[in-house]
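S.K.: This structure is in structure tokens; I'll ask about it shortly.
Protein chains in written order, with my numbering: chain A, 1 to 98; chain B, 1001 to 1371.
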């Protein structure tokens, strides 16, 4: 079970609480987690990654286990603590704007 | 009893104002989609309870929302706007080629005959169409394929397609406007487009009377006379009497012919309204006086309308999609400001009152006249 923490506006869009859980078969990577998240909540397609290129939207960040994973290749395995559900994978809106 | 529903898009959410036919007392609901930029909200003329809304965020991109109960509840529909084929390039601010990139939906125009058909004007400038209530979108590629597409350049607000007018007498004919490319017309339902900018003169481009490159801010039509259009350009107010084939300036005695909005009285096709703004670098009314100007002669002779509007120390702007008219008699006129006020007149502009004063900056105002 993978735990994913969403920023407030994505919680509202997806009509969820702050944390959602996902079951993932196969390698637990940022790509597989985001694919599973979008499959469960199609309204989030395009809101985190570009529809076509799958690139992270510029003002979002991915954190886990006190690390910024935003610039890691999407196929990189996530930390074991995320894969086991001990720690959440956090999608965060960058501080910007007013 | 008849009534009106005013749909207000702001920088931080949407608001819905409702009133009966007297338009004296107003109920305000919102913010809907608090924290999001609501570029435009518009109802279907076929089914007034069907609303479409463009919801945008620098963080989370574009969403399209649809309501089937007049804005009480909403459903997010498809937000996938992908250009047809290889997008190619337009001109960037520095004159270099720049790839077309979807940024946001500026304007949603529901069909006049089918509540599930809706057009979207987007940045970077293109036209999309949905035939299923927003569940899927397809570009109408003939517009960007216009031979001049590679020459289009953004204005300060972006390369945005912000105005879509559907000819009520000819389903194959539509007019659109792009900042800063100009106005275009299709006579075949959007398959092909013609630039309709003859008569426009813009000093900010190398060839002032070029076929494209004009920063058109808004065009407006009276539904009884769709071959006559009125235009607020970056500078200059113009009209055409031949569906855009030729334009002539009708700025006349306006204190400034810079501005964003223009609209037409619901029952008097020669009565038009603008809100003059001082200049393109001073986006506020001349002299700190918020004045709507009305012409009853289709332009050239203008009168200031000031009753109920602030006549000192007012430095707000009125953005291009932020004026509209209802279909009641007497005609109601509505506009919103970057200061968060929504003003209305229930007597054709003779007097005005603020319905709300302290919303976030208003980006768009539409009104539905309800039976």
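Glycine residues also receive a C-beta, built at the ideal position from the N, C-alpha and C atoms. Since the model is a prediction, treat every value here as computed from it, not as a measurement.
Alpha carbon to alpha carbon, how far is residue 1264(B) from residue 1113(B)? Give it in angstroms, no decimals.
M.R.: 22 Å
S.K.: Identify whether residue 1344(B) lies in helix, strand or coil by the three-state DSSP scheme.
M.R.: strand
S.K.: Look at residue 1108(B) and residue 1042(B) and say whether their C-beta atoms are less than 8 Å apart.
M.R.: yes
S.K.: Please compile the residues from chain B whose C-beta is within a distance smaller than 8 Å of the C-beta of residue 52(A).
M.R.: Listed by position along chain B, the residues whose Cβ is nearer than 8 Å to that of residue 52(A) are 1082.
S.K.: Identify whether residue 39(A) lies in helix, strand or coil by the three-state DSSP scheme.
M.R.: helix
S.K.: Hey, is the region 1308-1316 of chain B in contact with the region 1255-1275 of chain B, meaning 3+ C-beta pairs nearer than 8 Å?
M.R.: Fewer than three beta-carbon pairs drawn from the region 1308-1316 of chain B and the region 1255-1275 of chain B are found closer than 8 Å, and the two stretches are therefore not classed as touching.
S.K.: At which residue ranges does the region 1093-1155 of chain B contain complete beta strand (DSSP E) runs of 3 or more residues, listed in the order of the chain?
M.R.: 1097-1099, 1104-1110, 1118-1123 and 1126-1130
S.K.: Quick check on the DSSP output: what are the complete alpha helix (DSSP H) runs of length 4 or more inside the region 39-92 of chain A, in order along the chain?
M.R.: 80-83
S.K.: Considering only the alpha carbon of each residue, which of 1029(B), 1281(B), 1251(B) and 1297(B) lies closest to residue 1200(B)?
M.R.: 1251(B)
S.K.: Output, in chain order, the set of chain A residues within a Cβ distance shorter than 8 Å of residue 1076(B).
M.R.: 13 and 43
S.K.: What are the boundary residues of the alpha helix (DSSP H) that residue 9(A) is part of?
M.R.: 8-14
S.K.: Using C-beta distances below 8 Å, list every residue in its chain close to residue 1083(B), excluding the 5 sequence neighbours before and after it, in chain order.
M.R.: 1100, 1102, 1126, 1139, 1141 and 1144
S.K.: Just reading off the beta strand (DSSP E) that residue 1160(B) is part of, what are its end residues?
M.R.: 1160-1166
S.K.: Indicate whether at least one CB of chain A lies closer than 8 Å to the CB of residue 1061(B).
M.R.: Yes, residue 1061(B) lies at the interface with chain A (some Cβ there is under 8 Å from its Cβ).
S.K.: When you compare the region 75-86 of chain A with the region 1007-1018 of chain B, are there three or more beta-carbon pairs, one atom per stretch, that lie closer than 8 Å?
M.R.: no
S.K.: Here's the rule: buried if 16 or more other CB atoms are within 10 angstroms of the residue's CB, otherwise exposed. What is residue 1110(B)?
M.R.: buried
S.K.: Within 10 angstroms of its Cβ, does residue 1093(B) collect 16 or more other Cβ (buried), or is it exposed?
M.R.: exposed
S.K.: Show which residues of chain A have a CB atom less than 7 Å away from the CB atom of residue 1035(B).
M.R.: 9, listed in chain order.
S.K.: Can you tell me whether residue 1307(B) is buried or exposed? The criterion is at least 16 other CB atoms within 10 Å of its CB, across all chains shown.
M.R.: exposed
S.K.: Restricting to Cα atoms, I'd like to know which of 1179(B), 1054(B), 1243(B) and 1063(B) is closest to residue 1222(B).
M.R.: 1243(B)
S.K.: Would you call residue 77(A) buried or exposed, if buried means 16 or more other Cβ atoms sit within 10 Å of its Cβ?
M.R.: exposed
S.K.: Do you know whose CA, among 1228(B), 1030(B), 1215(B) and 1363(B), lies nearest residue 1072(B)'s CA?
M.R.: Among 1228(B), 1030(B), 1215(B) and 1363(B), the Cα nearest to that of residue 1072(B) is on 1030(B).
S.K.: So with Cβ pairs under 8 Å, would you call residue 1133(B) a contact of chain A?
M.R.: no
S.K.: For a minimum of 3 consecutive residues, which ranges assigned as the beta strand (DSSP E) are wholly contained in the region 1268-1303 of chain B?
M.R.: 1272-1274 and 1292-1295
S.K.: Would you please state the rounded distance, in angstroms, between the beta carbons of residue 1290(B) and residue 1008(B)? I believe it to be under 8 Å.
M.R.: About 17 Å separates the two Cβ atoms, so there is no contact after all.
S.K.: Less than 8 Å between the CB atoms is what I'm expecting for residue 1184(B) and residue 1195(B), so what's the real figure, rounded?
M.R.: 6 Å
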